[in-house]
Each structure stands twice: as C-alpha cells, then as structure tokens.
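Data first, discussion second: the structure below is written as structure tokens.
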Amino acid sequence: MTRPPVLSRGRHPTPGHGQCLMELVSTLAGEVWSDRPAAVHPVLAAVARAVNDSCTAPGRQRLLPFAPRLVGVVRAPTVALVLRCTGEAGVRPLRGRLVAPAVVAHATRVVALRAGDARDDVLHRLLTDCLELCRTPTTKCFPDGKTGDRVPGALAGRLGAAGGRVVRQGLRHDRPQWTAAARSPVR
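Counted from 1, the sequence shown has number 24 at position 24 by the UniProt record's numbering; the numbering is strictly sequential.
As structure tokens, this is what we get:
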C-alpha cells in the first residue's frame, strides 16, 4: 500500500526533498518537476502556491484533492481571479500595469494573515472559488472569438465599444496585453 504524498512549503529541487501542491501537479501532468507547470494557468498556479505556503501542515494535506483538479486548467479569467483574491484580502491592485501572479500571491498571503486560526478553511475556500471561476464557461467578448482569457461582464461593455479593444480611460485593472491595443486608435 502506498502512502499519500506529503505536501510541504516552498520549492523543492527534487521529489526526494519534498513537494508542494504545484510540484505534485507537474508530476500528475507528466511534466518536468517544477512548481510552475505548463498544465496550469500562471495566475491560478500563483494562488495555489500561495495557499500551499500559507496553510498549516494539516491544512496543507487537505490540499491533496485539489491536485488532479488543477491539471489542465490552462485558460483562466485573469481579471476575475485578481479581483476575487484582492477582494477577499481587502486590498486594491495598483492602477497601470498589473503583474497578476504577484498580485494574487500577495493578496492570498494577506488573506491568510487576516484569517488567523481559520486560515486553512478560508484559504481552501479561496482556492475552490478560483478553480470555479476558471471552470465556469463565459461568453467570449472579443468579436473575433480569439481570447486566451475570459473577461468579466463589467468589462464587456467597454470591450464592445472599442471594437474588441479595451478602452484605457476609466479602466481600473489594466492587463499588460491590452495596453498596446488601448493605445491604438479606435476605428
């Protein structure tokens, strides 16, 4: 009988040194050992790494069922994930260029600190909510149907008015990919 894997904090050079949730996911996905597997969207992976590192040891073991659910989630609503994590933390992302993985990782650590003794339950709920956001189908907002990320409904109106390009004025949560499109004139 094999023992279930034991999850630990941080990054590990080899499986013999331990493993975090995302390193387990890389193994399940058949990828090279890494805490940044290509089989998971980078923003969702940042949330999962921060949850793993912020949980207590018993709470970390309760993350094991998340590993197979994370495999293959390569498309995600980046803006919605950032808003979910920062909303839970009670912080607002800075205007301008947004490095979403760093923002959600910081927000997740803030959530853990504010939750105190209930942090494991709060962090599990946050990761569950983020996974649900990624798995919930949404209507594509771009006219050409070519979008790697799904955009929340609040931004859909701005996208439609710009012919599929985000209008920079009044947009609180810029995406780096959108900056060039926002600078080009709307026809």
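Here a beta-carbon is modelled for each residue, glycine too, at the ideal position from N, C-alpha and C.
Going by DSSP in three states, L7 sits in which element: helix, strand or coil?
Counting from one through the sequence shown, the residue named residue 7 turns up at place 7. It is a strand residue.
Inspect the CB distances between the segment 54-68 and the segment 82-90 and report whether three or more fall short of 8 Å.
Segment contact: the segment 54-68 against the segment 82-90, fewer than three CB-CB distances shorter than 8 Å; contact not assigned.
Proximal residues to V91 (C-beta, below 7 Å), its chain only, five neighbours per side dropped:
Counted from its first residue, the sequence shown places residue 91 at position 91. Correct list, in chain order: A107, V110.
To the nearest angstrom, how far is the alpha carbon of D35 from that of A112?
Here residue 35 is taken as the residue at index 35 of the sequence shown, counted from 1. Here residue 112 is taken as the residue at index 112 of the sequence shown, counted from 1. A direct Cα-Cα distance of roughly 20 Å separates D35 from A112.
In the DSSP output, which residue or residues are listed as bridge partners for V73?
Looking up residue 73 in the sequence shown gives position 73. Note: V73 is bridge-paired with V40 in the DSSP secondary-structure output.
Going by DSSP, what residues sit across from Q61 in a beta bridge?
Numbered from its first residue, the sequence shown carries residue 61 at position 61. According to DSSP, which records beta bridges pairwise, Q61 is partnered with nothing at all.
Excluding the five sequence neighbours on either side, which residues of its own chain have a C-beta within less than 8 Å of the C-beta of L127, listed in chain order?
Reading the sequence shown from its first residue, position 127 is the one you call residue 127. Listed in chain order, the non-local C-beta contacts of L127 below 8 Å within the same chain comprise V47, A48, V51, L63, F66, local neighbours out to five positions each way being set aside.
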